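Chemist:
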Amino acid sequence: MKWLVKEWLCESYKAEKDNGLKAYVYKSAFWAELYLGQKTPGYDVRYKNHTIARIYFERKGATVKELAAAAAYPEISDLDLVEIAMWVNKLRFAGIQPN
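Following this line, the structure appears as structure tokens:
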């Protein structure tokens, strides 16, 4: 595991593993949430130009849904995706200052 996730662009993140793997996390398109009936904020995890997972945040937890494209990339496991989701959850509130 051992991922390091940093904010890359506005609401996008770059995840790097200590062995050199890189994945990118982008905010899901608005139409995807409507089409899939998902009412919670979502992020797409992309690896080698393929969306391999979706992360949805509900209250204090996260749901990670692995997509069919993930089967082609066994170097990123379910535990890796969960670790990335935990980082993103931590970082998406890092810039918010309470009043």
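Numbering (my numbering), first residue to last: 1 to 99.
For each residue, glycine too, the CB sits at the ideal point set by N, CA and C.
Since this is a predicted model, take the numbers as computed values, not measurements.
1. With DSSP as the reference, label Asn99 as helix, strand or coil.
2. So does the stretch 73-81 actually touch the stretch 45-56, counting three or more Cβ pairs closer than 8 angstroms?
3. Expressed to the nearest angstrom, what Euclidean distance is found between the alpha-carbon atoms of Lys17 and Val5?
4. At which residues does the beta strand (DSSP E) containing Ile55 begin and terminate?
5. For Asn99, which residues of its own chain have a beta-carbon under 7 angstroms away from its beta-carbon, when the five flanking residues on both sides are left out?
6. According to DSSP, which residues form a beta bridge with Tyr43?
7. Do the CB positions of Tyr13 and Val88 come within less than 7 angstroms of each other?
8. Based on DSSP bridge pairs, tell me the residues matched to Tyr13.
Modeler: So, to answer that:
1. Because the pLDDT at Asn99 is just 48, under 50, the model does not fix this residue reliably, and the value given afterwards should be weighed accordingly. Three-state DSSP puts Asn99 in coil, outside helix and strand.
2. yes
3. 9 angstroms
4. 50-58
5. Annotation note: pLDDT 48 at Asn99 (below 50); position unreliable, no value reported.
6. Lys27, Ile55
7. yes
8. Glu7, Val25
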